[in-house]
Structures are given as structure tokens and as C-alpha cells.
Amino acid sequence: RKEVEQDPGPFNVPEGATVAFNCTYSNSASQSFFWYRQDCRKEPKLLMSVYSSGNEDGRFTAQLNRASQYISLLIRDSKLSDSATYLCTSGTYKYIFGTGTRLKVLA
Amino acid sequence: EPEVTQTPSHQVTQMGQEVILRCVPISNHLYFYWYRQILGQKVEFLVSFYNNEISEKSEIFDDQFSVERPDGSNFTLKIRSTKLEDSAMYFCASSGQGSAGYTFGSGTRLTVV
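Residue numbers (this note's numbering), protein chains in the order written: chain H, 1 to 107; chain A, 1001 to 1113.
This is the structure we're talking about:
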């Protein structure tokens, strides 16, 4: 089983839609979890941390489910500018990235 | 906003040559990392560095690779004898705490011909 698994997509959604991504991780000892956003040929940029209690930042909500070993990202009211690849990562001191989920928001 | 700086942005080298990729992490950060991303593939961990020594490395980080922090600001990745399959984007990252999210540099695109 891969350490971090994501559906590669692409997810094609209309502007204004709500979209959710899931990510599973295999290392139950992982202590930290994050979502990153990566635009084409650019570096990953930290989007948000993920906690069991949930974490909300504007239109973005992230959640961790330790029992099932998955993390999620919910994007509400999608904008064209949200089009990117979303990477989840887990680990302790060293983070393993998933392959990323491509999101295309369509006008 | 503080940033991680990488140079050069693009390097072309001949197979078998040595390359050094340079990074200036955020000044008060203590943890440093190198990752690579082959075109169209995922971001892969290479090595982590803390307190002037390697704390973890992946299977990719074999004897051809080495890292150094030669002074208080630079963090370098050296590939001794490049192979075609080393062609990738190399990202440096740093964090203030081991459990904190990283800040990545904009990357060095290495092309081995």
C-alpha cells in the first residue's frame, strides 16, 4: 500500500460548486498532516494544516480522521483561480506527498 | 513574507558531470529538506537535515548525492555524477519546527543530457 494515496482526478467542476478530495495514509504513527496547492511547474505552497478537530480557512475546510487514516479537503464556492493540483502530505519531521488531485474549475 | 531562495532556476548538464544546487532557507528555520519531482510525477522526499547532519534520507539519496550547509545561510545538494534519470525539478524546503509545514523554494529544473 502506498504511504499516501490520492485520486489523481481530474475533477472538472463548474464555478460555484463544492468539491471534496480525500487522501489516505498508511503510517499510523504520522503526527502532522497538511494540504498543499501546486500550480503547473511551480513549487507546492502550503494551503492548510489538518487536525482531528477540523480546520477552516475561508472557503476551505480540512479534516483528519485518524481511525480511518484519511484526510479530506472541502472547497466551497469554487473559483476559476482554485484550478490547481492539491497535494496531501503526512508524516513526522519528514513528509510524504501524495500524487496530487487535479482540479479544474470551469467557467 | 520570508521565502526560500534557490539557484539556479534551470541547469543543463552533461551526463557524468557534477552539479551543485543551492538554496538559502528562511533565516530562522532549523529544518531543511530536498525533494525532487520528475515531470508529471509526484513530489519525492530525498533528504532532511537538522543540527548540521542528515536526519533522514530516502532510497533515492544514494552515494551520488550529498548535502552541506557550508555556512549559516546556504544549503546545497550535490550530485556527483549525473545520470539521465536525475533530470527533474529539485525543491528545497525549510521549516521552523520539525512538525510544521514547509516553505518550498521555487525549484531548480535540472536537465541532464
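We put the CB at the ideal spot given by N, CA and C, even for glycine.
Asked: Can you check whether the C-beta of Gln-31/H is within less than 8 Å of a C-beta belonging to chain A?; Found: yes
Asked: Going straight from the alpha carbon of Glu-1018/A to that of Phe-1104/A, what length do you get?; Found: 24 Å
Asked: Quick check: is any heavy atom of the ligand NAP less than 7 Å from the C-beta of Gln-1097/A?; Found: What this structure holds is no ligand at all, so the ligand NAP is not there to describe.
Asked: Report the start-end ranges of each beta strand (DSSP E) in the stretch 38-85 of chain H that is 3 residues or longer and not cut off at the edges.; Found: 44-49, 55-57, 60-65, 70-75
Asked: Decide yes or no for the touch test of the stretch 1075-1089 of chain A against the stretch 90-102 of chain H: beta carbon pairs closer than 8 Å, at least 3 of them.; Found: no
Asked: Got a sec: which bits of the stretch 69-95 of chain H sit with their beta carbon under 8 Å from any beta carbon on chain A, in order along the chain?; Found: Leu-87, Thr-92, Tyr-93, Lys-94, Tyr-95
Asked: Rounded to whole angstroms, what's the CA-CA distance from Val-1100/A to Val-1012/A? Just pull it up for me.; Found: Checking the sequence, you will find Ala at residue 1100/A rather than Val. Rounded to whole angstroms, Ala-1100/A to Val-1012/A spans 33 Å at the Cα level.
Asked: From the beta carbon of Phe-97/H, is the nearest beta carbon of chain A less than 8 Å away?; Found: yes
Asked: Return the first residue and the last residue of the beta strand (DSSP E) that Phe-1061/A is part of.; Found: No beta strand (DSSP E) contains Phe-1061/A, which DSSP labels as neither H nor E.
Asked: Within 8 Å of any Cβ in chain H, is that where the Cβ of Phe-1032/A sits?; Found: no
Asked: Taking a contact to mean a Cβ-Cβ separation below 8 Å, would you say Pro-1025/A touches Ser-1094/A in this structure?; Found: yes
Asked: Just verifying my parser: in three-state terms, what is the DSSP assignment at Glu-1001/A?; Found: coil
Asked: Could you name the residues of the same chain whose beta carbon sits closer than 6 Å to that of Ile-1020/A, not counting the 5 residues immediately before and after it, in chain order?; Found: Thr-1076, Lys-1078
Asked: Using the beta-carbon of each residue, which ones in chain A are nearer than 7 Å to Glu-43/H?; Found: Phe-1091, Phe-1104, Gly-1105, Ser-1106, Gly-1107
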